[in-house]
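If you're matching positions, the sequence shown starts at 2 in the working numbering and goes up one per residue. Encoded as structure tokens, the structure appears first; notes follow it.
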Amino acid sequence: MNRIEVAKLSKLPEKLGMSLKVGEHDIALFKLSNGKIKAVENRCPHKGGVLAQGMVSGEYVFCPMHDWKICTNSGEAQGPDTGCVKTYKVEVQEEKVYLCL
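Quick look at the structure:
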């Protein structure tokens, strides 16, 4: 597994997404209101909306195109919608945010 530094914790805005391109991976990085950092594939399973531009509420991000609700833990779209995005493990160490690929 590769661990890649992608951000400084203090620079991440709360409840807003950040788009990252890491190799061939297009990733949305979020700092949730509970302080957790989550990373998911930056493409809604419905019509490809950019999830980093979506609204964040709790542990969910809402696609900016059609308001699909995506869980940042599992990547699953919430019913009645169906679909899934890839999730990525994130580690924080000494103010540095690492993505594990």
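For each residue, glycine too, the CB sits at the ideal point set by N, CA and C. Computed from a predicted structure; not experimentally measured.
Test item: CB-CB of residue i and residue j under 7 Å
i	j	result
cysteine 72	cysteine 45	no
lysine 37	leucine 13	no
asparagine 3	leucine 102	yes
asparagine 74	glutamate 60	yes
Residue i versus residue j - alpha carbon distance
i	j	result
valine 57	alanine 29	12 Å
alanine 24	alanine 40	In the sequence on display, residue 24 carries glycine and not alanine. Roughly 15 Å between the two C-alpha positions.
isoleucine 5	glutamate 42	16 Å
leucine 21	alanine 8	10 Å
leucine 10	histidine 47	30 Å
aspartate 27	methionine 19	11 Å
glutamine 54	valine 62	9 Å
Residues bridged to residue i [DSSP beta-bridge criterion]
i	result
glutamate 6	Tyr99
leucine 21	Ile28
> Does the pairing of the segment 49-69 with the segment 89-98 give three or more beta-carbon distances under 8 Å?
Replying inline: no
>> Runs of 3 residues minimum, wholly inside the segment 28-90: which ones carry the beta strand (DSSP E) assignment?
In response: 38-42, 56-58, 61-63 and 70-72
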